[in-house]
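Note sheet for the following structure.
There are 2 protein chains.
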Amino acid sequence: MKNGNLFIISAPSGTGKTTILKRVIAELKNIVFSVSHTTRSPRLGEEKDVDYFFVDKSTFVTMQEQGLFLEWAEVHGNLYGTCSNTVQAITEQGIDIILDIDVQGARQLMDKLNNKGVFVFISPPSLHELEKRLVNRGTESDSVIATRLNNAHDEMKSLEYYDYVIVNDRVDQAIDELKSIIIAERSRKRRGISGEPLNLDI
Amino acid sequence: MKNGNLFIISAPSGTGKTTILKRVIAELKNIVFSVSHTTRSPRLGEEKDVDYFFVDKSTFVTMQEQGLFLEWAEVHGNLYGTCSNTVQAITEQGIDIILDIDVQGARQLMDKLNNKGVFVFISPPSLHELEKRLVNRGTESDSVIATRLNNAHDEMKSLEYYDYVIVNDRVDQAIDELKSIIIAERSRKRRGISGEPLNLDI
Chain A
1 MKNGNLFIIS APSGTGKTTI LKRVIAELKN IVFSVSHTTR SPRLGEEKDV DYFFVDKSTF
61 VTMQEQGLFL EWAEVHGNLY GTCSNTVQAI TEQGIDIILD IDVQGARQLM DKLNNKGVFV
121 FISPPSLHEL EKRLVNRGTE SDSVIATRLN NAHDEMKSLE YYDYVIVNDR VDQAIDELKS
181 IIIAERSRKR RGISGEPLNL DI
Chain B
203 MKNGNLFIIS APSGTGKTTI LKRVIAELKN IVFSVSHTTR SPRLGEEKDV DYFFVDKSTF
263 VTMQEQGLFL EWAEVHGNLY GTCSNTVQAI TEQGIDIILD IDVQGARQLM DKLNNKGVFV
323 FISPPSLHEL EKRLVNRGTE SDSVIATRLN NAHDEMKSLE YYDYVIVNDR VDQAIDELKS
383 IIIAERSRKR RGISGEPLNL DI
């Protein structure tokens, strides 16, 4: 059986990534979200081993020291990480896995995974359009919006390192594009690199 | 504007390539078949400059000497070739182009085009299945079928060199896969190679 693919997806905040990912996972077969390990406490409605693997800090640090995390980060004093064994257990069943991860984490994985991951950047049509969306949403203060735009500007400098760039102009089209990328990668071969044998009775 | 992509598609005879290609071209926008130059005479119903560019032998040979053909071949005493200027004129308008070409021609193009072409191999589920299809069709003699199977066996040794392999088990799924590959390649970047700039007002 062919191994599942690992898709690493990044997008500046406000780009519509969550909507796109949920629809794509719902509409395609054989693909799941990666479940991260975290040291923070479960929030209301969060399910153990479904939303996160909740572990205490010493467990996390031990895993970290054993090199078990593909990537990890500290956010607001809590630790989050993607366990490589978990990813491997899923892809070895021939199931694709999506890692929703920020640009910095993705850049680390590019070096680490070599050619084994598929990196997709979801971009707003422009920073101007992103600003309009954030302002219209009306849920963030001016200073939060300014920070997000500033981050987006930095993050978009990295899009050249990704394998695919989807411009989220119309969300239905962006969903189709991501689905196409996932389906295409399933029939993709790494020419001249790995050359996985196909199951053909020739 | 981003240049169109060049898709090079090969398949053993009897694999269903023609059906797949016609449906894909009909269902997608911004993609056309490549029109070849040939020295053979137009057949009934064939349209000049639509089915082929019909040229006399001396014109063909001059073009050949000037290096104007991406690839060319002699079949039953007639010359056929794909003019690189034609391909370029189309892709420069941002339109994708499909080259329907045999394995030998494709292998030449892999060296020549470097990373600029997208190579897709359409495969029968198995040689046994291909034999069944050819026999059921009932239009070819046993010896023709034997030759085709022999060729298919040779051609399938080259599938490892292609970027994508589509196994035509169910034709609708094969069509979806080829459409997905074409759509995905439109948002694909050549990481670390060309890095075409995206039109983003950042």
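Just so you know, the sequences run in chain order A and B. If you're matching positions, the first sequence starts at 1 in my numbering and goes up one per residue. If you're matching positions, the second sequence starts at 203 in my numbering and goes up one per residue. Beta carbons are placed, not taken as given, at the ideal position from N, Cα and C, and that holds for glycine. If you're wondering where the values come from, they're calculated on a predicted model, not measured in any experiment.
| Check | Outcome |
| --- | --- |
| Chain A within 7 Å of E379/B, Cβ atoms only | yes |
| Distance CB(F255/B)-CB(H278/B) smaller than 7 Å | no |
| Chain A residues whose Cβ lies nearer than 8 Å to that of K219/B | None at all; the shortest Cβ gap to chain A is about 15 Å. |
| CA-to-CA distance, R43/A to E398/B, given in whole angstroms | Residue placement at E398/B is flagged as unreliable, the pLDDT there being 43, under the threshold of 50; the coordinate-derived value follows with that caveat. If you take the alpha carbons of E398/B and R43/A, they lie about 43 Å apart. |
| Of the residues M358/B, K259/B and A275/B, the one placed nearest S215/B, counting alpha carbons only | M358/B |
| Secondary structure of K224/B, DSSP reduced to three states | helix |
| Cut-off 6 Å between Cβ atoms - residues of its own chain near T471/B, not counting five sequence neighbours on either side | Residue 471/B is absent from the structure shown; chain B starts at 203 and stops at 404. |
| Cross-chain neighbours of S215/B in chain A, by beta carbon under 9 Å | Within chain A, no residue comes near S215/B; the closest Cβ sits about 15 Å away, beyond 9 Å. |
| Chain B contact for A106/A (CB, 7 Å cutoff) | no |
| Span separating the alpha-carbon of N287/B from that of E129/A | 38 Å |
| Inter-residue spacing [alpha-carbon to alpha-carbon] between G192/A and M312/B | Caution is warranted here: a pLDDT of 42 is assigned to G192/A, below 50, making its placement in the model unreliable, and no coordinate value can be reported. |
| D100/A versus A152/A: straight-line alpha-carbon distance, rounded | 16 Å |
| Expected contact under 8 Å - CB spacing of T82/A and N3/A to nearest Å | The Cβ separation is near 17 Å, so there is no contact. |
| N- and C-terminal bounds of the alpha helix (DSSP H) containing I97/A | Counting along the chain, I97/A falls outside any alpha helix (DSSP H), though it belongs to the beta strand (DSSP E) covering D96 to D100. |
| Euclidean distance between Cα positions of L351/B and R225/B | 25 Å |
| Test item: CB-CB of S212/B and D344/B under 7 Å | no |
| Euclidean distance between Cα positions of E140/A and K132/A | 12 Å |
| Candidates L336/B, S328/B, Q295/B and L272/B: closest to L315/B by CA position | L272/B |
| Simplified DSSP assignment, three categories, for A11/A | coil |
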